[in-house]
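S.K.: Sharing a structure here in structure tokens format.
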């Protein structure tokens, strides 16, 4: 019988990806997790509490800037780009391993899960805004420093440069989620192309 919280969340995560939140019943949870309803709710208050714990574990935690990227005050833009891509790959590998599926299938499932979280997790949009804002701030610090040091040109507004990199990542993540899953090599090529244009 599984009593480890990590195992409970992992099995619940897989179930919520397989069945929409509304279709997940107590019976399905008991079967997927291997605990009685009482045992499950010993760890969380109710189904919504379990869902929120799963969202916290598999959406908010992996996407926190401090958990995803190596960021130091003196990092160059070139090194940050490499670190960013490595962080994206680590996150994709982690989620793929937790789900027990390849990256392609993981990407499709994960985007569906994001929409479930948006619909059923109270305050989800605000929490995502906080994560996106911290990501934006990290990029802005790196871009400002790269401009100040002469690493890149200064005749383009820093906010526009931040958007070029962030939208390359977010755009590829979304469009490739429904086909191949995010291709980190293609993302690197896009980052490199933008970087060269900024030299």
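In the working numbering, the protein residues as written are 5 to 203.
Here a beta-carbon is modelled for each residue, glycine too, at the ideal position from N, C-alpha and C.
Predicted model, so just to flag it, every value in this text is computed and none were measured.
1) Check whether the Cβ atoms of residue 36 and residue 19 sit closer than 7 Å, and answer yes or no.
2) By the DSSP assignment, the alpha helix (DSSP H) with residue 91 in it spans what residues?
3) Would you call residue 78 buried or exposed, if buried means 16 or more other Cβ atoms sit within 10 Å of its Cβ?
4) What ranges does the alpha helix (DSSP H) occupy inside the segment 8–75, keeping only unbroken runs of at least 4 residues that lie completely in it?
5) Have a look at 87, 27 and 58 and flag the residue whose alpha-carbon is nearest the alpha-carbon of residue 70.
6) Mapping DSSP to helix, strand and coil, what is residue 183?
7) Which of the three DSSP states is assigned to residue 129 in this structure?
8) By DSSP, does residue 134 sit in helix, in strand, or in coil?
9) Is DSSP giving residue 167 helix, strand or coil here?
10) Between the segment 96–107 and the segment 153–165, can you find at least three pairs of beta-carbon atoms closer than 8 Å?
11) Compare the Cα-Cα distances from residue 119 to each of 10, 11 and 26 and report the closest residue.
12) Looking at the structure shown, is residue 157 part of a helix, part of a strand, or coil, going by DSSP?
13) How is the alpha helix (DSSP H) around residue 2 delimited, first residue to last?
14) Could you say if the segment 166–177 and the segment 189–198 meet the contact criterion of at least three C-beta pairs nearer than 8 Å?
15) Are the beta-carbon atoms of residue 111 and residue 185 separated by less than 7 Å?
16) What residues in its chain sit with their C-beta under 6 Å from that of residue 195, if we drop five residues either side in the sequence?
17) Can you tell me which of 199, 132, 126 and 125 puts its alpha carbon nearest to the alpha carbon of residue 154?
M.R.: Result, derived from the coordinates:
1) Yes, Cβ-Cβ distance for residue 36 and residue 19 is below 7 Å.
2) The continuous alpha helix (DSSP H) containing residue 91 extends over residues 81–103.
3) It counts as exposed.
4) Complete alpha helix (DSSP H) runs here, min 4: 9–22, 30–37, 41–47, 51–59 and 69–72.
5) The closest CA to that of residue 70, considering only 87, 27 and 58, is found on 87.
6) Note: residue 183 maps to coil in three-state DSSP.
7) Reduced to three states, the DSSP call for residue 129 is helix.
8) In the structure shown, residue 134 sits in a helix (DSSP, three-state: H, G or I).
9) DSSP places residue 167 within a helical segment (H, G or I) once states are collapsed to three.
10) Of all C-beta pairs linking the segment 153–165 to the segment 96–107, fewer than three are shorter than 8 Å, placing the two stretches out of contact.
11) Ranking 10, 11 and 26 by Cα distance to residue 119 puts 26 first.
12) Residue 157 sits in coil when the DSSP states are folded into three classes, being neither helix nor strand.
13) Residue 2 falls outside the range modelled here, since the chain spans only 5 to 203, and no answer is possible.
14) The segment 189–198 and the segment 166–177 touch, with three or more beta-carbon pairs separated by less than 8 Å.
15) The Cβ atoms of residue 111 and residue 185 lie closer than 7 Å to each other.
16) Around residue 195: 85.
17) When each option's Cα is compared against that of residue 154, the closest is 199.
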